[in-house]
Amino acid sequence: MTARDLNLQLVLDLSRDAILGGAGERPAAAARRVFERLAARTGVSGAVEAGRLPVCHHHLDAAYAGMAALPSPMPELASAFAAVEARLRWTKRKGVSPQDQPFESGHANTTLIGRGGIEERDDVWVGATVMAPGITYPDHHHPPEEIYLAFTPGEWWNAEMDWKEPGPGGVIYNPPGILHAMRSGGSPFLAMWFLPVD
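Okay, so the sequence shown: first residue is 445 according to the working numbering, each after it adds one.
Right, dumping it as structure tokens:
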């Protein structure tokens, strides 16, 4: 089996421990599906041309600095994610146009593992979202369930819950197909997301 990049593996290990250490039954079960698949094999190396969008240049370093001031494992996650981030390609949400301001220029998504990621595979999808302060990511849905790990302050909503602020290191769970959204407050937003794909 091909060895996984050490920093990427550290991001996964620290994220797994944070999620499983603080998640309820449903998110923990979904997370176990993701991490068991990741432990079983390593996907092929993806041919990704790394690239940041302006929102990344403006806000990722501030997000990392905020994480560095928090209790463990957030500083370690910031360091490992920053090392991996240099290899990632950040993009805007599909279908967003320049008229969709401030969202269009205030967000970026990236895939670490999955289709289009630095590790290609089709049974899990692991990525991240960064947003400038004061941005709402629009309502959306997708078939797989989803677990978010908050790296910074931010709020989440879905059709089964009101807006919730889990805090850095907190976990949010979206059941399969549910309508959901997220938003940043007065500081930059950074979170990872994990989806088991069937």
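No residue lacks a Cβ here, since even glycine has one placed at the ideal position from N, Cα and C.
Start-to-end residues for the alpha helix (DSSP H) that takes in residue i
| i | result |
| --- | --- |
| R496 | From DSSP, R496 is part of no alpha helix (DSSP H); its letter is neither H nor E. |
| A447 | Looking at the DSSP string, A447 is not in any alpha helix (DSSP H), and its letter there is neither H nor E. |
Cβ-Cβ distance between residue i and residue j below 8 Å
| i | j | result |
| --- | --- | --- |
| L634 | T596 | yes |
| A576 | V499 | yes |
| I562 | I463 | no |
| P582 | F547 | yes |
| L497 | A552 | yes |
| F525 | V455 | yes |
| M511 | P610 | no |
| H568 | I557 | Before going further, note that residue 568 is Val rather than His in the sequence given. The answer is yes: Cβ separation under 8 Å. |
| P517 | L458 | yes |
| E589 | A474 | yes |
| G495 | E564 | no |
Three-state secondary structure (DSSP) of residue i
| i | result |
| --- | --- |
| V615 | strand |
| R531 | coil |
| P640 | strand |
| E480 | helix |
| L514 | coil |
| A474 | helix |
| F547 | coil |
| S541 | coil |
Element boundaries [beta strand (DSSP E), containing residue i]
| i | result |
| --- | --- |
| V574 | 568–575 |
| L556 | 551–557 |
| A594 | 590–594 |
Beta bridge counterpart(s) of residue i as assigned by DSSP
| i | result |
| --- | --- |
| H624 | H584, N602 |
| K536 | None, per the DSSP bridge assignment. |
| F633 | M575 |
| V488 | E564 |
Nearest-angstrom Cα separation, counted from residue j out to residue i
| i | j | result |
| --- | --- | --- |
| I616 | A491 | 30 Å |
| L482 | R470 | 19 Å |
| A506 | H586 | 30 Å |
| A467 | A522 | 20 Å |
| H584 | L504 | 24 Å |
| A484 | R533 | 25 Å |
| D566 | P515 | 34 Å |
heavy atom of the ligand NAP below 7 Å from residue i C-beta
| i | result |
| --- | --- |
| P597 | Here there are no bound small molecules, and the ligand NAP is not part of this structure. |
8 Å Cβ cutoff, residue i in contact with chain D
| i | result |
| --- | --- |
| V455 | No chain D appears in the structure shown, which is made up of a single protein chain. |
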